[in-house]
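Here is the structure we will look at.
2 protein chains.
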Amino acid sequence: MSGADELVYVALGGAGEIGMNFYCYGFGPERDRKWLIVDCGVTFGDMASSPGVDLVMADIDFIAERRDSLLGIAITHAHEDHVGALSHLWPQLKAPVFCTKFTAAVAKRKFEDQGIAPAEVLRVVAPHDRTQLGPFEISFFPVTHSVPEAMALVIRTPLGLVFHSGDFKLDEAPLIAPPTDEAALGAIGDEGVLCFACDSTNVFEEGRAGSEESVRPGLAKVMRESPGAVACTTFASNVARLRTIAEVARENERSVVLAGRAMKRMVETAIATGAVPDFPDLIDEDRAEDLPARHLCYLVTGSQGEPRAAVGRISTNSHPFIRLKEGDTLIYSSRTIPGNEREVYRVYNRLAALGVRVVDADMADIHVSGHGYRDEIAQYYKLLRPAIALPIHGEHRHLAEHARMAKAWGAEYAAFAPNGRMMRLAGGARPEPEAVREVETGRVYLDGKTLVGALDGVIRARLKMARQGKVSMALVVDEEGELIADPQIRAVGAPVDGEGWPRPLEELIEEAVDDALENLSKKDRRSDKRIEDAAVAACRRICERHWGKKPEIAALVVRLDEEED
Amino acid sequence: MSGADELVYVALGGAGEIGMNFYCYGFGPERDRKWLIVDCGVTFGDMASSPGVDLVMADIDFIAERRDSLLGIAITHAHEDHVGALSHLWPQLKAPVFCTKFTAAVAKRKFEDQGIAPAEVLRVVAPHDRTQLGPFEISFFPVTHSVPEAMALVIRTPLGLVFHSGDFKLDEAPLIAPPTDEAALGAIGDEGVLCFACDSTNVFEEGRAGSEESVRPGLAKVMRESPGAVACTTFASNVARLRTIAEVARENERSVVLAGRAMKRMVETAIATGAVPDFPDLIDEDRAEDLPARHLCYLVTGSQGEPRAAVGRISTNSHPFIRLKEGDTLIYSSRTIPGNEREVYRVYNRLAALGVRVVDADMADIHVSGHGYRDEIAQYYKLLRPAIALPIHGEHRHLAEHARMAKAWGAEYAAFAPNGRMMRLAGGARPEPEAVREVETGRVYLDGKTLVGALDGVIRARLKMARQGKVSMALVVDEEGELIADPQIRAVGAPVDGEGWPRPLEELIEEAVDDALENLSKKDRRSDKRIEDAAVAACRRICERHWGKKPEIAALVVRLDEEED
Chain A
1 MSGADELVYV ALGGAGEIGM NFYCYGFGPE RDRKWLIVDC GVTFGDMASS PGVDLVMADI
61 DFIAERRDSL LGIAITHAHE DHVGALSHLW PQLKAPVFCT KFTAAVAKRK FEDQGIAPAE
121 VLRVVAPHDR TQLGPFEISF FPVTHSVPEA MALVIRTPLG LVFHSGDFKL DEAPLIAPPT
181 DEAALGAIGD EGVLCFACDS TNVFEEGRAG SEESVRPGLA KVMRESPGAV ACTTFASNVA
241 RLRTIAEVAR ENERSVVLAG RAMKRMVETA IATGAVPDFP DLIDEDRAED LPARHLCYLV
301 TGSQGEPRAA VGRISTNSHP FIRLKEGDTL IYSSRTIPGN EREVYRVYNR LAALGVRVVD
361 ADMADIHVSG HGYRDEIAQY YKLLRPAIAL PIHGEHRHLA EHARMAKAWG AEYAAFAPNG
421 RMMRLAGGAR PEPEAVREVE TGRVYLDGKT LVGALDGVIR ARLKMARQGK VSMALVVDEE
481 GELIADPQIR AVGAPVDGEG WPRPLEELIE EAVDDALENL SKKDRRSDKR IEDAAVAACR
541 RICERHWGKK PEIAALVVRL DEEED
Chain B
1 MSGADELVYV ALGGAGEIGM NFYCYGFGPE RDRKWLIVDC GVTFGDMASS PGVDLVMADI
61 DFIAERRDSL LGIAITHAHE DHVGALSHLW PQLKAPVFCT KFTAAVAKRK FEDQGIAPAE
121 VLRVVAPHDR TQLGPFEISF FPVTHSVPEA MALVIRTPLG LVFHSGDFKL DEAPLIAPPT
181 DEAALGAIGD EGVLCFACDS TNVFEEGRAG SEESVRPGLA KVMRESPGAV ACTTFASNVA
241 RLRTIAEVAR ENERSVVLAG RAMKRMVETA IATGAVPDFP DLIDEDRAED LPARHLCYLV
301 TGSQGEPRAA VGRISTNSHP FIRLKEGDTL IYSSRTIPGN EREVYRVYNR LAALGVRVVD
361 ADMADIHVSG HGYRDEIAQY YKLLRPAIAL PIHGEHRHLA EHARMAKAWG AEYAAFAPNG
421 RMMRLAGGAR PEPEAVREVE TGRVYLDGKT LVGALDGVIR ARLKMARQGK VSMALVVDEE
481 GELIADPQIR AVGAPVDGEG WPRPLEELIE EAVDDALENL SKKDRRSDKR IEDAAVAACR
541 RICERHWGKK PEIAALVVRL DEEED
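Chains A and B, in that order, give the protein sequences. For reference, each letter of the first sequence is one residue, going 1 to 565 in our numbering. For reference, each letter of the second sequence is one residue, going 1 to 565 in our numbering.
Now the structure itself:
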């Protein structure tokens, strides 16, 4: 069985959570398989599960171990959840990267930041151009989404064609590109689609997402009604939206000022690569000072409540040049990513306290999703007519619902394949996809400058200290294990003193540790480990009894030899 | 000026955040003012801002210092955000507590848990009964909300009447109580309302919230369509909803099993107090084992993603007696409180992985809010015709929007009074409300068994350790400040080793600390503080350079006198 060619698929990220999209396709017999990666994304750490973590990436050991057989990495578009891990993980992969011009421009900067020469890595290809990589012939197919040059990937293999959707909607008026070429999709369907790996983001949403053009009247109305300045936030990469906002602002006699490095970079890149050549004129922040508020529109970052982005700074009146006040309006032309609500509302509240009116997509028609709703997904199924539906890009709940729906949409088979479940798509005895093995997957964190495994215990220990606090103690003993100085105790993240406590916490701990070590047998005192254990137990007992908590405890035992003194 | 009677108001909690409702009304001249508290609620800690904290309560120092002039505490209803802090904070207040029967039954258990005899504290009053407390005459007015016996509080004073709404909607079919008596509200309006302190929760929502009865067809449809067992979650205190679910289940030939202590307690209390006398028959969990899945409906806790509640345990297959599988359905007849999305979706995903279908209020008409939407709030304004609108119960953004809307709804004045802003409602030279002072407010955390101030630094230190990790070290020096043993280093929440590091982190730190202390002057070595500072600086430098982080550092210096050896 292992001698025959097979086409297999495994997600190392993206199928089972939002973000860190990382999909692998393999072709060949099991012992001599060639590999292709599609997308290499990140997600971000959060205080609840990964405090202090900057980026969360897929654990790619499985494919890194096979990098000699890795023929290429295709990046569908320039969103962080598709390209953000590329420069961090590429050193483990060292394969050529294929993408279109705009995406390459975004990736280039990331490689440079990591000290990797992009020219040696990036292969810029035009949409529809076919590239042969061993058994894979790949070509990008333009789709509509909330970033310039969003692409699906068509993967032709000797065992059939895979249409890997990337992120898409069916936008009739995407503004920065033509609508999706449905005839061309139909032609691919005619050619025969073995497998449709399809974005599941909005599989729960009925109907259609709405076109990029449709937000224009809503934005115009809100701007018209604002007696003062307007600041408008959306994702920096949504250049179509930025352009719409800028156009509406100018129609509303407002000069447009870009604020935030990410936003400036994206607009510059879109203009420079020709992805969005006709961006309205902007004015400099310095010139804005001379204009009345009524004639200003700021384009700002920070739609997800990031405290250090422009909106966050505006809300605390600490932005370098934007001050908003009573009569001004902050427009969120965006959607809050689930999990960020608390941070976003915190900013709303600060703005409300300043007298600034906040208008968001719940209050006006000023945002549409970049991901197609059910009718759009169904239309893709209708055109492509795949044998196998392979839901990707979603949490478990999305994948499960998508697999349920896919049969109604005409797919013969639907594969529920969360991260790590390797599916044989073709080459088996029967036509249906089959789970052939479970591959180890997981998460890797960028913590400061260092990569840390999610299961290394580093973050778990931090979460414990966050909940329970930390006690450090220094215990200096002689050769016999007798304390020769008072234990030094330092409790951090713990109350100093509490209602009804006989003494402050550190004193209570010191006393208890003193007693505990006194009560150790002569034999136990010869072991640093026994001393440490006894001190930890005594400390924990005191903390539980008075404080009601079990802190993380470090009992550092220093044993002095007589000779050393 | 301070000699004349005034009616003042100040929120210590609830006006500026969701939860921990705590409102104070004062009457009399400034030097001899009598006080009345309305509600005493909690909110819950979260990993992002208060890790390890069990309950978040208002800092009530302002009113505790005036407890000799405190005449009473009125509790409008039995939700945690209105009654949850009562037993914890009552020892600082020691005033009689007024509430209706069901609320008293809920509060009673809380007092007992804290070892306070409820009989000495609680005064059960019937709706509409008037109680004179010094200058305040108070009476409860029945409103409709998602808990039995929800009340507004009517406060009559010599300077005018305050209608304090509690939480309310205008439910035409609330099921466990008659609809709101709008004629009686109108009569209060006729009497003259000085001030309407009004719930702002749904001030952004257009239209009406919908009646409790309206969820019935949606629930029936979902239950009918589920081929297997059904489990249904909602807030335990929403006894009307529990009853509806139980009734629909029985119509659908499903026996109903209650799971979760909170749910059992609430239903028992509702039956025992007569608040909901006619609850459908339930069956025991033991009997459920003998029934086919198709004939079961579990009522379960955990709608907010709490890992240890019933739904959380079901999702990890660790519930004591409920096992759900392919074909079964989990119904969320609830709304996710903003900030809990991540936890709730985590549970959804685990259920999806088990093959369990999740149906929530986004997917079917199976939930209505307990708080009125704009039309309902407007109707209250129409009936009460207050001079002053006083938005309460909401974040800043809600209060600001409510104040903006209130004038359109007919109020002469609207007071934007977040926590701590004391407003004079009557007794000033002019009729409009006026901010007279800012009172110190804040948050107090129940951390284990101990109350901790939000600004004590305890939680800040824990958050720092969560983000940056912690290094503890023991430095044993002699009288001259020479190290007489190797520094003991323990790094927690830090990577042991990293890509490109010459040695593991603890070794790098030890080396750097050793060097740093060697380089200290003779004079500096005589100071433990100088030694500590030098060690901390050296450790920080190493961590920043290699790891890219600034951990929390405890450098414990133990100085041994020669005599002691």
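In this text, a Cβ means the ideal position worked out from N, Cα and C, and glycines have one as well.
Any beta-carbon of chain B closer than 8 Å to the one on N21 (chain A)?
As a first step, residue 21 (chain A) must be located in the first sequence, where it is residue number 21. No, its Cβ sits nowhere closer than 8 Å to a Cβ of chain B.
Within 8 Å (strictly less), CB to CB, does S472 (chain A) reach chain B?
The residue given as residue 472 (chain A) occupies position 472 in the first sequence. So yes, S472 (chain A) belongs to the interface.
Measure from the C-beta of K549 (chain A) to each C-beta in chain B and report whether the shortest distance is under 8 Å.
Residue mapping note: residue 549 (chain A) aligns to position 549 of the first sequence, counting from 1. Judged by the 8 Å Cβ criterion, K549 (chain A) is in contact with chain B.
Check distances from the C-beta atoms of the region 316-340 of chain A to those of chain B and list, in chain order, the residues that come in under 8 Å.
P338 and G339
DSSP state of Q114 (chain B), grouped into three classes?
Here the question's residue 114 (chain B) lines up with position 114 in the second sequence. Q114 (chain B) falls in the coil class under three-state DSSP.
From G228 (chain A) to T273 (chain A), what distance separates their C-alpha atoms?
Start at 1 with the first residue of the first sequence, and residue 228 (chain A) comes out as number 228. Start at 1 with the first residue of the first sequence, and residue 273 (chain A) comes out as number 273. Approximately 35 Å, taken between the alpha carbons.
Burial state of K522 (chain A), where buried means 16 or more other Cβ atoms lie within 10 Å:
As a first step, residue 522 (chain A) is located in the first sequence; it is residue number 522 there, counting from the start. Answer is exposed; the Cβ neighbour count stays below 16.
Where R430 (chain A) sits in the DSSP three-state scheme:
For this step, residue 430 (chain A) is matched to residue 430 along the first sequence. Correct three-state label for R430 (chain A): coil.
Anything in chain A within Cβ reach of M151 (chain B), meaning under 8 Å, just list it in chain order.
Here the question's residue 151 (chain B) lines up with position 151 in the second sequence. Residues of chain A passing the Cβ test: none, with the nearest at roughly 28 Å.
Kindly confirm or deny that the region 212-221 of chain B and the region 291-301 of chain B touch, where touching means at least three C-beta pairs closer than 8 Å.
no
Examine chain A for any beta-carbon lying closer than 8 Å to the beta-carbon of Q114 (chain B), and answer yes or no.
Walking along the second sequence from the start, residue 114 (chain B) turns up at place 114. Closer than 8 Å: no.
Whole-number beta carbon distance between R342 (chain B) and E206 (chain B), since they are thought to touch under 8 Å:
Walking along the second sequence from the start, residue 206 (chain B) turns up at place 206. Walking along the second sequence from the start, residue 342 (chain B) turns up at place 342. Their Cβ separation, rounded to whole angstroms, is 28 Å, which puts E206 (chain B) and R342 (chain B) out of contact at 8 Å.
Please say whether M151 (chain A) and P142 (chain A) have beta carbons closer to each other than 8 Å?
The residue labelled residue 142 (chain A) in the question sits at position 142 within the first sequence. The residue labelled residue 151 (chain A) in the question sits at position 151 within the first sequence. Contact: yes.
Chain A within 8 Å of G498 (chain B), Cβ atoms only:
Position 498 of the second sequence, counted from the start, is the residue given in the question as residue 498 (chain B). For G498 (chain B), the answer is yes, since a Cβ of chain A falls inside 8 Å of its Cβ.
Suppose only complete runs of 3+ residues qualify. What are the beta strand (DSSP E) ranges in the region 202-247 of chain B, listed by chain order?
230-233
Per DSSP, cross-strand counterpart(s) of H546 (chain B):
In the second sequence, counting from the first residue as 1, residue 546 (chain B) sits at position 546. None, per the DSSP bridge assignment.
Assign Y373 (chain B) to one of three DSSP states: helix, strand, or coil.
The sequence position of residue 373 (chain B) within the second sequence is 373, counting from 1. Three-state result, Y373 (chain B): coil.
Beta-ladder partner(s) of C24 (chain B), from DSSP
Sequence index remark: in the second sequence, residue 24 (chain B) carries index 24 (1-based). C24 (chain B) pairs with B:V10 and B:I37.
Applying a beta-carbon distance threshold of less than 7 Å, which residues of chain B neighbour H396 (chain A)?
As a working mapping, residue 396 (chain A) is identified with position 396 in the first sequence. Within chain B, the residues near H396 (chain A) are N349, A352 and A353.
Among B:T144, B:G186, B:P127 and B:H367, which one has its Cα closest to the Cα of T233 (chain B)?
Mapped onto the second sequence, residue 233 (chain B) falls at position 233. Checked all of B:T144, B:G186, B:P127 and B:H367; the closest Cα to T233 (chain B) is B:H367.
DSSP three-state assignment for S315 (chain A), whether helix, strand or coil
Within the first sequence, numbered from 1, the residue matching residue 315 (chain A) stands at position 315. Note: S315 (chain A) maps to helix in three-state DSSP.
Residue range of the unbroken alpha helix (DSSP H) whose run includes G448 (chain A):
Working through the first sequence from its first residue, we reach residue 448 (chain A) at position 448. Counting along the chain, G448 (chain A) falls outside any alpha helix (DSSP H), and DSSP gives it neither H nor E.
Does any residue of chain A have a CB that is nearer than 8 Å to the CB of K110 (chain B)?
Against the second sequence, residue 110 (chain B) aligns to sequence position 110. So, not an interface residue.
If you follow the beta strand (DSSP E) that F196 (chain B) is in, where does it begin and where does it stop?
Stepping through the second sequence from its first residue, residue 196 (chain B) is reached at position 196. Counting along the chain, the beta strand (DSSP E) containing F196 (chain B) begins and ends at C195 to D199.
What are the boundary residues of the alpha helix (DSSP H) that includes G457 (chain A)?
The residue labelled residue 457 (chain A) in the question sits at position 457 within the first sequence. Neither: G457 (chain A) is in no alpha helix (DSSP H) and is coded neither H nor E.
Which class does I60 (chain B) belong to by DSSP, given the choice of helix, strand or coil?
The residue you call residue 60 (chain B) lines up with position 60 of the second sequence. DSSP places I60 (chain B) in coil when its eight states are reduced to three.
Endpoints, beta strand (DSSP E) assigned at E137 (chain A):
Position 137 of the first sequence, counting from 1, holds the residue named residue 137 (chain A). Note, E137 (chain A): beta strand (DSSP E), F136 to P142.
DSSP-derived helix/strand/coil call for L520 (chain B):
Mapped onto the second sequence, residue 520 (chain B) falls at position 520. Three-state result, L520 (chain B): coil.
Along chain A, in chain order, which residues have C-beta atoms closer than 8 Å to that of F204 (chain B)?
In the second sequence, residue 204 (chain B) corresponds to position 204, counting from 1. Those are D362 and M363, listed as they occur along chain A.
Give me the subset of the region 29-58 of chain B whose CB atoms are less than 8 Å from a CB atom of chain A, sorted by chain position.
D46, M47, A48, S49, P51 and G52
Nearest-angstrom Cα separation, counted from G305 (chain A) out to A184 (chain B)
Translated into positions along the second sequence, residue 184 (chain B) becomes position 184. Translated into positions along the first sequence, residue 305 (chain A) becomes position 305. One C-alpha to the other measures close to 44 Å.
Pairing CB atoms from the region 483-494 of chain A with CB atoms from the region 510-520 of chain A, are three or more of them under 8 Å?
yes
With 16 as the cutoff for other CB atoms within 10 Å, does F235 (chain B) come out buried or exposed?
On the second sequence, position 235 is the one that residue 235 (chain B) refers to. By the neighbour-count rule (16 or more Cβ atoms within 10 Å), F235 (chain B) is buried.
Where Q468 (chain A) meets chain B, residues with beta-carbon distance less than 7 Å:
Within the first sequence, residue 468 (chain A) is the residue found at index 468, counting from 1. Residues of chain B passing the Cβ test: G52.
Counting contacts by CB-CB distance shorter than 8 Å, is L89 (chain A) in contact with chain B?
Sequence index remark: in the first sequence, residue 89 (chain A) carries index 89 (1-based). Output row for L89 (chain A): interface = no.
Going by Cα to Cα distance, which pick from B:L7, B:N21, B:S50 and B:L55 is closest to D32 (chain B)?
Numbered from 1 along the second sequence, position 32 holds the residue referred to as residue 32 (chain B). The option with the nearest alpha carbon to D32 (chain B) is B:L7.
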